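A.B. asks: Numbering (our numbering), first residue to last: 21 to 344. Let me begin by handing over the structure; questions about it come next.
Printed below as a string of structure tokens:
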């Protein structure tokens, strides 16, 4: 009798155990790959930059797009391309990520990043990293080689060292450009880099990386490393990367909201536009998003004066800075 009761109890527990997240089977993407990137949003308007500065931004964005599209065309998967493209942007001191990151109130550089795969909803994120050159790569390691989603500070760095990533001095981020970024990003306001991808297999991925808010205090963490706020990817919805006033993107779970709305049948442009131009704006939040779905539909939406952005697919490629 005791054995029978034990069997029934175990059976009930097994039935109540949560099932694993179903994996979306990849399908052939006949339209070809799509890649979108952004380099932050804010007070980016005509007349603020010299012709030479504008050319530098466009060249940097286009180079990242062309590299990413070439990797996608060779069959590389979405999350690998997201990481590689963001690594390029992290190495570019024009943007508030990696080598171009701004300082905290303590005069240090603290980096945040996240990445997510749309086929199985697996994700990885890191925050407060000071001694890893490419936080997006560390986030990718968290996604693929740990049982966790998000690691922070010294623990995140220790995990990275265990995975074979090099320890670097925080001084490598203290570039001449970083010094000038104090003044520049104070005006541009929201510096981040991000990438969303649809690959040849029909899978989505998204990633975001940032140096965070300039002069941030008390270990402040914005939306960039928060899955669902600054980054999200779901093959049933879309892939999203955000940039802006992180507290608002966290409160409204912007990236997840857009993907969920798309999964309910709302066009990607409408889903993104409503939350950026209505919900966020009415609440006092500023910023923008890039997004792409498995049909290859994509959008840029922002409620600031401009956003560094670009796209490439089989039909077109371009980069933009200002409101069109």
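Here a beta-carbon is modelled for each residue, glycine too, at the ideal position from N, C-alpha and C. Note that the coordinates shown come from a computational prediction; the quantities given were computed from them, not determined experimentally.
Who are the near neighbours of residue 157 in its chain, counting only those whose CB is closer than 7 angstroms to its CB and skipping five residues on each side?
C.D. replies: Around residue 157: 103, 107, 185.
A.B. asks: Pick out whichever of 305, 320, 69 has its Cα sitting closest to the Cα of residue 267.
C.D. replies: Selected option, being the one with the closest Cα: 305.
A.B. asks: Quick one: give me the first and last residue of the beta strand (DSSP E) that residue 278 is part of.
C.D. replies: Premise fails: residue 278 lies in the alpha helix (DSSP H), 274-283, not in any beta strand (DSSP E).
A.B. asks: Which stretch, first to last residue, makes up the alpha helix (DSSP H) that contains residue 139?
C.D. replies: No alpha helix (DSSP H) holds residue 139; DSSP gives it neither H nor E.
A.B. asks: Can you list, in chain order, the stretches of the alpha helix (DSSP H) that have 4 or more residues and sit fully within the region 165-189?
C.D. replies: Listed in chain order, they are 173-182.
A.B. asks: State the beta-bridge partners of residue 322 as determined by DSSP.
C.D. replies: According to DSSP, which records beta bridges pairwise, residue 322 is partnered with 308.
A.B. asks: Cβ of residue 75 less than 8 angstroms from any chain D Cβ?
C.D. replies: Chain labels in this structure do not include chain D; a single protein chain is all it has.
A.B. asks: Please classify residue 313: does DSSP put it in a helix, a strand, or coil?
C.D. replies: Coil.
A.B. asks: I'd like to check one pair, residue 148 with residue 357: are the Cβ atoms closer than 8 angstroms?
C.D. replies: The first residue shown for the chain is 21 and the last is 344, placing residue 357 beyond what the model contains.
A.B. asks: Rounded to whole angstroms, what is the Cα-Cα separation between residue 257 and residue 219?
C.D. replies: Going from the Cα of residue 257 to the Cα of residue 219 covers about 15 angstroms.
A.B. asks: For residue 322, which residues in the same chain have their Cβ closer than 7 angstroms to its Cβ, ignoring the five residues on either side in sequence?
C.D. replies: Once the five neighbours on either side are set aside, the close Cβ partners of residue 322 are 61, 296, 307, 308.
A.B. asks: Where does residue 337 sit, in a helix, a strand or coil, going by DSSP?
C.D. replies: Residue 337 falls in the strand class under three-state DSSP.
A.B. asks: Using the C-alpha atoms, what's the distance from residue 260 back to residue 141?
C.D. replies: Distance between the alpha carbons of residue 141 and residue 260: 13 angstroms.
A.B. asks: For residue 153, count neighbouring C-beta atoms within 10 Å of its own C-beta (all shown protein chains included) and say buried if the count is 16 or more, exposed if not.
C.D. replies: Residue 153 is buried by the Cβ-count criterion.
A.B. asks: Does the structure place the region 322-342 close enough to the region 63-72 that three or more beta carbon pairs sit under 8 angstroms?
C.D. replies: The region 63-72 vs the region 322-342: in contact.
A.B. asks: Under 6 angstroms Cβ to Cβ from residue 80, same chain only, skipping five residues before and after it: list those, please.
C.D. replies: The residues are 112, 114.
A.B. asks: I need the straight-line Cα distance from residue 176 to residue 170, nearest angstrom please.
C.D. replies: One C-alpha to the other measures close to 8 angstroms.
A.B. asks: Along the chain, where does the beta strand (DSSP E) containing residue 54 start, and where does it finish?
C.D. replies: Where residue 54 is concerned, the enclosing beta strand (DSSP E) stretches over 54-62.
A.B. asks: Can you name the start and end residues of the alpha helix (DSSP H) that residue 100 belongs to?
C.D. replies: That run of the alpha helix (DSSP H) goes 98-110.
A.B. asks: On the criterion of 16 or more Cβ atoms from any shown chain inside 10 Å, does residue 163 qualify as buried, or is it exposed?
C.D. replies: Residue 163 should be labelled buried.
A.B. asks: Are there 16 or more other CB atoms within 10 angstroms of the CB of residue 292, so buried, or fewer, so exposed?
C.D. replies: Burial call: buried.
A.B. asks: Where do the ends of the beta strand (DSSP E) carrying residue 225 lie?
C.D. replies: Residues 224-230.
A.B. asks: Could you tell me how far apart the beta carbons of residue 243 and residue 270 are, in whole angstroms, since I believe they sit closer than 8 angstroms?
C.D. replies: Contact holds; Cβ gap of about 5 angstroms.
A.B. asks: Identify whether residue 249 lies in helix, strand or coil by the three-state DSSP scheme.
C.D. replies: Three-state result, residue 249: coil.
A.B. asks: Count the other C-beta atoms from every protein chain shown that fall within 10 angstroms of the C-beta of residue 178, then say buried if there are 16 or more, exposed otherwise.
C.D. replies: It counts as exposed.
A.B. asks: Compare the beta carbon distance of residue 223 and residue 334 with 8 angstroms and say whether it is the shorter of the two.
C.D. replies: No, these two residues do not count as a Cβ contact at 8 angstroms.
A.B. asks: Give every residue of the same chain whose Cβ lies closer than 7 angstroms to the Cβ of residue 183, excluding the five residues on either side of it in the sequence, and list them in chain order.
C.D. replies: Cβ within range, chain order: 161, 165.
A.B. asks: Sort out for me which residues DSSP pairs residue 332 with in a bridge.
C.D. replies: Partner(s): 55, 337.
A.B. asks: Tell me the DSSP secondary structure of residue 89 in three-state form.
C.D. replies: Three-state result, residue 89: helix.
A.B. asks: Excluding five sequence neighbours on each side, which residues of the same chain lie with their C-beta closer than 7 angstroms to the C-beta of residue 342?
C.D. replies: Once the five neighbours on either side are set aside, the close Cβ partners of residue 342 are 64, 65, 66, 326.
A.B. asks: If residue 121 and residue 109 are in contact, beta carbons under 8 angstroms, what's the gap, nearest whole angstrom?
C.D. replies: That pair is no contact at about 11 angstroms.
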